[in-house]
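Since the structure comes first, as C-alpha cells, the remarks are kept for the end.
Residue numbers (our numbering): -13 to 463.
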C-alpha cells in the first residue's frame, strides 16, 4: 500500500509554523538577554553604590575602639538596613576571635564575628576585599547560593577588619522569570496566530490547486470544455491560466486532428473513386480493343492514354505529399528565371489558353518545385476559373511576389478556410472539380519549403493567388 504523502496544506502550515517559531524564539531570546543584562547591570550598580556608601559612612565614623567593639557598632548600623545580609571578619593578629576559617578555595561563612553570611566566600573575593579601602568603587561578584544568587561586595572597615555585604538577587530573578513567562506566552500566541493564518492561506492555495486538479481530471476523462477557475494567490492564478491555455491548445489540436481524419476519410473515398474510374476504363478498353474496328481502336487507345496519364498524375501527387509529410523533401537550388519558368508551365498545362505574362525576376530556388507551384496554380486557374490568366512577377530587395489572377467567378467564401488543405475541393460555383484536391496543398507545401507562402483572395476579376518567396543569396543557399 502506497504511503500517503503530506499535502500542500500540511507543507505550508509546517513551513509557516517553523519559520514563525524560529523567528519568534530568536526574537524572544534576544529580548530576554537584553532585558536580563540591563536588569542585572542596574542591580549590580545599585548594590555597588549602596555598599560604597555604607563603607564610607562606617569608615568616617571610626571611634578607634577595639575591633570587636567596632564590629558591634558597624553591625548595629547595618542591621537597620533592609534587604541585605552582611558579615564582618577580623583578620588582625590581635583579634580576640579565631581567624576566619579557610577550607580549600573558600572562607567559611561561620567565621564572621558579626552579622550573617548566607554563603561561603571564595578566597579571591575575600582577598579583593582586603585590598579595597573605603571611598573606593567596588564591582560586585555574583555568587550562587542554595536558593538564590547574591551580589557580593567587600571592603576594609579598618586594617584587618573586613565587611562583606550580600545583596540577594531573588527579586531580580523573579522579575526575569516573569519576563520569561511573558515571552513564552507571547511566543505561543504568535505561533498559534501564525498557524491559524498559515492554515487559512494553505486552505486558499489548496482550494485553488484542487480546482486545477479537478479540472485536469475531468479534462483527462474527456471533458474538453472544462476550465480551471483563476482564483487565489498569484501563483495559483498563473497555474490556472497555464492549464486553461494548455486545455485550449489540446482542444484545438484534437479538433484539427478530427478535421484531418475526416479529410483523410474523404481522401480514401476520392482516391478510390479516382482510381476506379480510370482503371475500369483501362480494363474495359483493353478487353475489347482487339474486337474493335481500326477507327474505334484508335479512340480506345487515346482513351487508355488519357486515363493512364490521369492515374499517373494522381500517383505522382500522392508520392509528392508523402515525401513532404515525411520531411524527406530537399531543395536543389539553382538560378531560376521566373518568367521563363512560368511560360514553360503555361505551355505544358494550357498550350492554347490565353496566359499573359508581366515582369520578371531571377532567384535562387529549386526549379522543379517552383515549376510544380506554377503548374498547379495555372491548372487551378484554368479548371476553376476562366481565361485570360495574368501572371504578374514583381520583386524587392528581400522578396519576390508572383500573382496568378484568373477571370472566373472567384473562390466561394466557405472554401477559403480549407482552400490549401489536402483533398479539399471547391464546390460547384467554380465549375466541375476535376482535380484530386492535392494541387494547392502541394503548391503551399513547396512554397513553405522555400521559406515562403501562398495566399488566396477574391478580386473584382476573379480569384488571385499570390506566391511570396524570400530572396536568397548564393551564400545563404
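Just so you know, even glycine gets a beta-carbon here, dropped at the ideal spot from N, CA and C.
CA-to-CA distance, residue j to residue i, given in whole angstroms
i	j	result
residue 180	residue 4	10 Å
residue 50	residue 118	20 Å
residue 147	residue 34	19 Å
residue 98	residue 140	13 Å
residue 199	residue 226	10 Å
residue 32	residue 8	36 Å
residue 82	residue 52	9 Å
residue 76	residue 24	36 Å
residue 320	residue 385	17 Å
residue 417	residue 371	Residue placement at residue 417 cannot be trusted, given a pLDDT of 35 that sits under 50; what the coordinates show is reported in the next sentence. Cα-Cα distance, rounded: 8 Å.
residue 194	residue 428	48 Å
residue 0	residue 185	9 Å
residue 393	residue 377	12 Å
residue 206	residue 243	17 Å
residue 177	residue 12	13 Å
residue 160	residue 132	15 Å
residue 348	residue 239	39 Å
residue 204	residue 231	16 Å
residue 436	residue 387	13 Å
residue 202	residue 318	48 Å
residue 100	residue 149	9 Å
residue 218	residue 351	55 Å
residue 167	residue 59	44 Å
residue 356	residue 433	8 Å
residue 458	residue 315	18 Å
residue 156	residue 163	10 Å
residue 171	residue 183	18 Å
residue 346	residue 247	41 Å
Other residues of its chain near residue i: CB distance less than 8 Å, five sequence neighbours each side excluded
i	result
residue 169	14, 17 and 18
residue 30	125, 126, 128 and 137
Residue i, buried or exposed, once every other Cβ within 10 Å from all chains shown has been counted against 16
i	result
residue 236	exposed
residue 360	buried
residue 27	exposed
residue 192	buried
residue 383	exposed
residue 61	buried
residue 366	buried
residue 40	buried
residue 438	buried
residue 55	exposed
residue 86	buried
residue 430	buried
residue 90	exposed
residue 291	exposed
residue 358	buried
Proximal residues to residue i (C-beta, below 7 Å), its chain only, five neighbours per side dropped
i	result
residue 415	Here residue 415 scores only 39 on pLDDT, less than 50, and its place in the model is too uncertain to base an answer on.
residue 111	127, 138 and 140
residue 405	397, 426 and 442
residue 187	-2
residue 329	343
residue 363	390, 429 and 451
residue 332	341 and 364
residue 327	353, 356, 357 and 360
Beta-bridge pairing of residue i - partner residues as DSSP gives them
i	result
residue 18	Bridge partners of residue 18: none, in fact.
residue 136	129 and 154
residue 388	379 and 453
residue 92	89 and 108
residue 444	449
residue 439	454
residue 320	351
residue 481	No statement about residue 481 is possible, as the shown extent of the chain runs from -13 to 463 and does not include it.
residue 101	73
Any C-beta of chain D under 8 Å from that of residue i
i	result
residue 13	Absence of chain D from the displayed structure is noted, only one protein chain being present.
Limits of the unbroken beta strand (DSSP E) element including residue i
i	result
residue 344	341 to 344
residue 326	No beta strand (DSSP E) contains residue 326, which is instead part of the alpha helix (DSSP H) from 324 to 335.
Residues near residue i by beta carbon distance below 6 Å, same chain, minus five either side
i	result
residue 64	72
residue 107	93
residue 197	214 and 215
residue 368	336 and 339
residue 103	73 and 95
residue 353	320 and 322
residue 403	none
residue 165	21
residue 109	91
Distance cut-off 7 Å: residue i Cβ against heavy atoms of the ligand ZN
i	result
residue 223	In terms of ligand content, the structure shown is empty, and the ligand ZN therefore cannot be addressed.
Unbroken alpha helix (DSSP H) run spanning residue i, endpoints
i	result
residue 75	Run containing residue 75: none in the alpha helix (DSSP H); it sits in the beta strand (DSSP E), 70 to 76.
residue 428	425 to 435
residue 348	Counting along the chain, residue 348 falls outside any alpha helix (DSSP H), though it belongs to the beta strand (DSSP E) covering 348 to 351.
residue 399	Looking at the DSSP string, residue 399 is not in any alpha helix (DSSP H), and its letter there is neither H nor E.
residue 393	That residue, residue 393, is in no alpha helix (DSSP H); it is neither H nor E in DSSP.
residue 61	53 to 65
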